[in-house]
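What follows is a short report on a single structure.
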Amino acid sequence: DAKTTQPTSMDCAEGRAANLPCNHSTISGNEYVYWYRQIHSQGPQYIIHGLKNNETNEMASLIITEDRKSSTLILPHATLRDTAVYYCIVRGLSSNDYKLSFGAGTTVTVRA
Amino acid sequence: EAQVTQNPRYLITVTGKKLTVTCSQNMNHEYMSWYRQDPGLGLRQIYYSMNVEVTDKGDVPEGYKVSRKEKRNFPLILESPSPNQTSLYFCASSPIPGNTIYFGEGSWLTVV
């Protein structure tokens, strides 16, 4: 019952921007798009989230289409340490929406 | 430093021998949760708690118990572990309301 669709894997050259797409065509008006990543078997790490406006923080940028049916996570200058599985997750912020439904994610490999 | 701490990080045990995996957070978060991660199945929620003395089942609660007697602690109890509970376990916490869910570093559990 995953609400998002992501490519299985992608490669990126070190120092270049990595653009990770995500489709969430059934997203509802009060649901946010979240991105997490998991490096090896460490605990998932929060990256960024957004509702409808584009967002940027020290780790990444999030671009959400106007119809909110898809989004792109941008790692502006990928490093080898960005190699990880990236998860796009849709969730609301009501008290019942704290469970994160992880799909398979995108395995990103950054190559020197 | 804000963190979610799990113990033990690695454990090999035998079928039927009760064990407890502890989880503690120092951020005064209301919400805490347990996930397990298995190859091909991703992360699945076991139990969660919205506050002290309030716990509820996640997607895969069978064979597990939890308690929330204090805000900072949320132990996961395996009363009679079986080999199918061999997995990587993550504890997570979040403020309510809150945007960011923080994860622990994981506990590798092997039941033989």
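Chains as they are written, first to last, in this note's numbering: chain A, -2 to 109; chain B, 7 to 118. Cβ coordinates follow ideal geometry from the N, Cα and C atoms, glycine included.
- Chain A places no beta carbon closer than 7 Å to that of residue 21 of chain B, leaving this residue out of the contacts.
- The contact set of residue 51 of chain B on chain A, defined by CB atoms closer than 7 Å, consists of 96 in chain order.
- Using beta-carbon distances, residue 58 of chain A does not count as an interface residue toward chain B, since no partner is under 7 Å.
- When A/72, A/29 and A/83 are compared, the shortest CA-CA separation from residue 12 of chain A is found for A/72.
- DSSP, reduced to helix, strand and coil, places residue 47 of chain B outside both helices and strands of the structure shown, so it counts as coil.
- Contact check for residue 12 of chain B against residue 96 of chain A fails: the beta carbons are separated by 7 Å or more.
- Taking 9 Å as the cut-off between beta carbons, the residues of the region 40 to 66 of chain A near chain B are 40, 41, 42, 43 and 46, in sequence order.
- Not a single C-beta of chain A is nearer than 7 Å to the C-beta of residue 82 of chain B.
- Per DSSP, the continuous beta strand (DSSP E) segment holding residue 113 of chain B begins and ends at 113 to 117.
- Setting aside the 5 residues that flank it on each side, residue 17 of chain A is surrounded in the same chain by 70, 83 and 103, each with a C-beta closer than 6 Å to its C-beta; the list follows chain order.
- Two segments are said to touch when three or more pairs of C-beta atoms, one from each, lie closer than 8 Å; by this definition the region 22 to 42 of chain A does not touch the region 28 to 36 of chain B.
- Judged by their CB atoms, residue 38 of chain A and residue 94 of chain B are nearer to each other than the 7 Å cut-off.
- Contact of residue 13 of chain B with chain A is not assigned, every C-beta pair being separated by 7 Å or more.
- Per DSSP, residue 88 of chain B lies in no beta strand (DSSP E) segment and is marked neither H nor E.
- For secondary structure counted as the beta strand (DSSP E) over 3 or more consecutive residues, the region 40 to 94 of chain A holds these complete runs in sequence order: 42 to 47, 58 to 61, 67 to 72 and 81 to 88.
- Using a CB distance cut-off of 7 Å, residue 106 of chain B counts as an interface residue toward chain A.
- Residue 57 of chain A sits buried, since 16 or more C-beta atoms from the chains shown fall within 10 Å of its C-beta.
- A residue is called buried when at least 16 other Cβ atoms come within 10 angstroms of its Cβ; residue 42 of chain B meets this threshold and is buried.
- Sequence-distant partners of residue 67 of chain B (beyond 5 residues in either direction) whose C-beta falls short of 7 Å from its own C-beta, in its chain, are 52 and 53.
- For residue 104 of chain A, the secondary structure class from DSSP, reduced to helix, strand or coil, is strand.
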